[in-house]
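One structure below.
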Amino acid sequence: MTTPPKLGALSAGIRYQVRFFWRHALAMLLPDPLVAKVVLEHHGVEAVDDVVVYYRPPGLNERGTQVTADFFQLKFHVARTGAVDHAAVVNPEWTGTKLPILRRLANAWTGIAAEHPGSRLSLVTNWPWDPGSPVAGLIRDGGALGDGFWTAGAKSAVGKIRNDWRAACGLSDADFETFLRTLRFSTSAVSQDDAELWLADRCQLAGLKPVGRGVDHSPYDDLGARFIESGRTEHTPESLRELVAQNGLVLEKEPPFKSTFAVRSFTRFAHAATDGACMVDLTDLFDGRLAASPENWAGDIKARLDASIPKVEGLSQPIHVALDAHLSIAWYTGHLLDPKAGARVLLRQRTKGKGVDLWDVAVARRPADVPAWKLSTEDAEGDQLAVVISVTHDGFVDAERYVRASLPAVGAIVHAALPSLGPQAITDGPHARWLADELVRLIGATTARERPKHVHIFPACPAALAFLIGQEARVWGPATIYEFDFGSANRAYRPAMSTH
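Numbers in the numbering used here are just positions in the sequence shown, counted from 1, shifted up by 94.
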């Protein structure tokens with residue numbers, strides 16, 4: 095066999111494909127893997143053959159339905175100056191092929207549907223979806239088209255696009271709808287950097303040798319290229335484990351995240367499910383970011399989290415907490431894992447540009463020259479209290495508008511903000527613990543003095559910080575945590591989890 099090319103010699107498209115493959119394949123090396131098999135360049139299918147992921151029965155849960163397989167078509171553009179829209183997917187020139195990509199996907203679906211009735215087809219690209227397209231607002235978190243695509247009138251902009259797509263696919267009305275309901279679009283650009291971060295994340299989870307950021311050579315890219323050259327493109331957990339061992343990529347015999355409590359309420363496109371020894375999947379209770387029913391917050395969401403605690407308590411310590419979830423759910427999860435329970439936790443925190451950090455929050459520490467919370471209070475008559483927490487961005491204006499319009503019993507609004515806001519405002523786990531402890535103390539002094547009947551909390555912070563505050567905020571009294579309604583034109587909030 096010839097020596098495989100170095101990273102720099104690989105075409106950008108192949109590198110993109112190989113890294114996407116590893117993102118899903120390395121999930122097979124984790125404890126109790128959901129993924130059963132991953133195929134790189136599947137020879138048995140057309141158009142969606144770049145990466146195929148098969149799940150163990152009963153499959154991957156997607157809002158209450160079971161997905162048995164994911165078929166991915168990757169479209170990489172060297173220039174990152176364009177966007178995908180409704181016209182591109184029915185224009186052969188966009189892919190440089192005889193048939194438009196939507197027709198090719200429809201043809202592939204007709205062959206896949208019978209053998210894999212629970213499968214999804216996905217178009218992944220490093221170009222974002224054009225926000226000016228009438229379809230853009232109808233693509234839900236996770237990439238599926240929302241019901242608005244089907245209910246729009248025939249003469250509307252969306253209705254005309256629907257007719258154009260149906261004609262391009264060459265399917266009957268019934269088959270066209272069934273096909274499109276299995277199709278997923280990436281609404282944001284999935285870049286080479288994203289793929290690199292996925293690889294770093296999975297290596298850390300699986301106990302494999304990491305890949306340095308910005309390096310010119312990666313053994314994982316070389317190994318993936320070798321798979322393509324040799325035709326050995328189908329991999330199971332057993333075969334992949336043997337291959338990474340043979341290539342000297344194993345760093346730790348026991349994966350470091352074998353004792354993970356994972357909570358998931360977001361469906362993120364092109365990401366495998368959050369992994370954990372104890373997994374609480376809440377995605378079927380949401381439509382995008384919104385709860386499918388407002389009653390879910392105090393109903394099934396709370397019940398599933400409550401029911402998970404006995405199993406969590408049985409995990410070996412330290413327990414790794416992975417939160418791919420709404421801030422109110424992260425807060426409530428912390429409320430359940432009160433430090434008094436005696437469980438030591440490490441928080442798995444995604445950091446922009448760095449991948450995943452493991453935050454040890456056992457000891458609080460204020461970094462040198464880092465400013466403390468800045469508190470301000472807006473007073474009014476009322477026997478309830480609102481608390482706005484600004485870390486990643488300033489949430490006060492939107493929260494204050496909502497409180498004064500919708501919560502007449504609220505008197506004072508306390509705004510706790512860090513002087514420097516942004517994703518990097520918290521440096522590490524000890525800093526996060528110090529911020530949580532200090533905020534609980536400061537607001538606790540207010541609640542002890544004012545004795546509000548209820549506290550309304552509006553967090554704009556990382557999920558890890560919400561978890562840590564939730565661990566200790568019982569001293570504030572009964573509280574409701576609010577979620578920002580990202581789909582609202584008037585920038586409103588909705589009540590979510592409550593603690594008592």
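The beta-carbon is built from N, C-alpha and C at its ideal position, and this holds for glycine as well.
Problem - Assigned exposure category for Gln411 - 16 Cβ within 10 Å defines buried - result: Start at 1 with the first residue of the sequence shown, and residue 411 comes out as number 317. Exposed.
Practice task
Check whether the Cβ atoms of Val485 and His509 lie closer than 9 Å to each other.
Solution key: Counting from 1 along the sequence shown, the entry for residue 485 is found at position 391. Counting from 1 along the sequence shown, the entry for residue 509 is found at position 415. For Val485 and His509, no; Cβs fall outside 9 Å.
Handout entry: Three-state secondary structure (DSSP) of Thr574
Key = As a position in the sequence shown, residue 574 is number 480, starting the count at 1. Of the three classes helix, strand and coil, the one that applies to Thr574 here is strand, per DSSP.
Problem - Where Ile537 sits in the DSSP three-state scheme - result: One-based indexing of the sequence shown puts residue 537 at position 443. Here Ile537 sits in helix by DSSP.
Problem - Sheet register partners of Ala554 (DSSP bridge) - result: The residue you call residue 554 lines up with position 460 of the sequence shown. Looking at the DSSP assignment, Ala554 forms a beta bridge with Ser484.
Problem - Chain-order list of residues whose beta-carbon lies under 7 Å from that of Ala300 (same chain, five-residue window excluded) - result: The residue labelled residue 300 in the question sits at position 206 within the sequence shown. Same-chain partners within the cutoff: Leu120, Leu123, Leu124, Pro349.
Problem - The alpha helix (DSSP H) enclosing Val497, as first and last residue numbers - result: Here residue 497 corresponds to residue number 403 of the sequence shown, with the count starting at 1. Segment 490-500, the alpha helix (DSSP H) holding Val497.
Exercise for the section: Work out the CA separation of Thr354 and Asp295 for me, nearest whole Å. Expected result: Residue numbering aside, residue 295 sits at position 201 when the sequence shown is read from its first letter. Residue numbering aside, residue 354 sits at position 260 when the sequence shown is read from its first letter. For Asp295 and Thr354, the distance between alpha carbons rounds to 15 Å.
Problem - Straight-line Cα distance separating His180 from Ser422 - result: Taking the sequence shown and counting its residues from 1, one reaches residue 422 at position 328. Taking the sequence shown and counting its residues from 1, one reaches residue 180 at position 86. Answer to the nearest angstrom: the Cα atoms are 35 Å apart.
Exercise for the section: At 4 residues or longer, and completely inside the region 174-203: list those alpha helix (DSSP H) runs for me, N to C. Expected result: Whole alpha helix (DSSP H) segments, 4+ residues: 186-189.
Handout entry: Per DSSP, the bridge partner or partners of Asn155
Key = For the purposes of this step, residue 155 is taken as the residue at position 61 of the sequence shown. The partner list for Asn155 (beta bridge, DSSP) reads Gln160.
Practice task
Please state if the CB of Asp579 and the CB of Ala586 are separated by a distance shorter than 9 Å.
Solution key: Taking the sequence shown and counting its residues from 1, one reaches residue 586 at position 492. Taking the sequence shown and counting its residues from 1, one reaches residue 579 at position 485. The answer is yes: Cβ separation under 9 Å.
Handout entry: Residue range of the beta strand (DSSP E) that includes Gly253
Key = Along the sequence shown, read from residue 1 onward, the residue named residue 253 stands at position 159. Note, Gly253: premise wrong, no beta strand (DSSP E); alpha helix (DSSP H) at 251-263.
Practice task
Compare the beta carbon distance of Val133 and Val146 with 9 Å and say whether it is the shorter of the two.
Solution key: In the sequence shown, the residue the question calls residue 133 occupies position 39. In the sequence shown, the residue the question calls residue 146 occupies position 52. For Val133 and Val146, yes; Cβs fall inside 9 Å.
Practice task
Name the one or two DSSP bridge partners that Leu302 has.
Solution key: In the sequence shown, residue 302 corresponds to position 208, counting from 1. BP columns for Leu302 point to Val344.
Handout entry: Cβ shell of Phe321 (< 7 Å), same chain only, five flanking positions each side left out
Key = In the sequence shown, counting from the first residue as 1, residue 321 sits at position 227. Leu134, Thr327.
Problem - Residue range of the beta strand (DSSP E) that includes Ala510 - result: Locating residue 510 in the sequence shown gives position 416, counting from the first residue. 504-511 is the extent of the beta strand (DSSP E) around Ala510.
Exercise for the section: Indicate the three-state DSSP secondary structure (helix, strand or coil) for Ser387 in the structure shown. Expected result: Translated into positions along the sequence shown, residue 387 becomes position 293. In the structure shown, Ser387 sits in coil (DSSP, three-state: anything other than H, G, I, E or B).
Problem - Cross-strand partners of Glu472 (DSSP beta bridge) - result: Numbered from 1 along the sequence shown, position 378 holds the residue referred to as residue 472. BP columns for Glu472 point to Ile507.
Exercise for the section: Consult DSSP for Ser353 and reduce its assignment to one of helix, strand or coil. Expected result: In the sequence shown, residue 353 corresponds to position 259, counting from 1. In the structure shown, Ser353 sits in coil (DSSP, three-state: anything other than H, G, I, E or B).
Exercise for the section: Using only alpha-carbon positions, find the residue among Ser514, Leu317, Val344 that is nearest to Gln298. Expected result: Here residue 298 refers to the residue found at position 204 when the sequence shown is read from its first residue. Among Ser514, Leu317, Val344, the Cα nearest to that of Gln298 is on Val344.
Problem - Span of the alpha helix (DSSP H) around Val112 - result: The residue given as residue 112 occupies position 18 in the sequence shown. In the DSSP assignment, Val112 falls within the unbroken alpha helix (DSSP H) covering 106-119.
Problem - Short Cβ contact (9 Å threshold) for Val178 with Asp224 - result: As a first step, residue 178 must be located in the sequence shown, where it is residue number 84. As a first step, residue 224 must be located in the sequence shown, where it is residue number 130. Taking 9 Å as the Cβ cut-off, Val178 and Asp224 qualify as a contacting pair.
Exercise for the section: Can you grab the Cα-Cα spacing for the pair Leu334 / Asp522, in whole Å? Expected result: Locating residue 334 in the sequence shown gives position 240, counting from the first residue. Locating residue 522 in the sequence shown gives position 428, counting from the first residue. Answer to the nearest angstrom: the Cα atoms are 33 Å apart.
Exercise for the section: Return the first residue and the last residue of the beta strand (DSSP E) that Lys547 is part of. Expected result: Looking up residue 547 in the sequence shown gives position 453. Following the DSSP letters along the chain, one finds Lys547 in no beta strand (DSSP E), marked with neither H nor E.
Exercise for the section: Report all residues from its chain with a CB closer than 6 Å to the CB of Ile551; omit the five preceding and five following residues, and keep chain order. Expected result: Along the sequence shown, read from residue 1 onward, the residue named residue 551 stands at position 457. Counting only Cβ-Cβ distances below 6 Å, and skipping sequence neighbours, we find Val481, Ala573, Ile575.
Problem - Limits of the unbroken alpha helix (DSSP H) element including His131 - result: In the sequence shown, the residue the question calls residue 131 occupies position 37. Reading the sequence as shown, one finds Lys at residue 131 and not His. Careful: Lys131 lies outside any alpha helix (DSSP H), inside the beta strand (DSSP E) at 129-134.
Exercise for the section: Report the rounded CA-to-CA distance for Arg595 versus Arg535, giving the unit in angstroms. Expected result: Summary: the structure shown does not reach residue 595, with the chain confined to residues 95 through 594, and so no result is reported for it.
Problem - Same chain, Cβ closer than 8 Å to Pro152, five either side skipped, listed in chain order - result: For the purposes of this step, residue 152 is taken as the residue at position 58 of the sequence shown. Around Pro152: Gln160.
Practice task
Return the CA-CA distance between Gln565 and Pro304, expressed in angstroms with no decimal places.
Solution key: Taking the sequence shown and counting its residues from 1, one reaches residue 565 at position 471. Taking the sequence shown and counting its residues from 1, one reaches residue 304 at position 210. About 32 Å.
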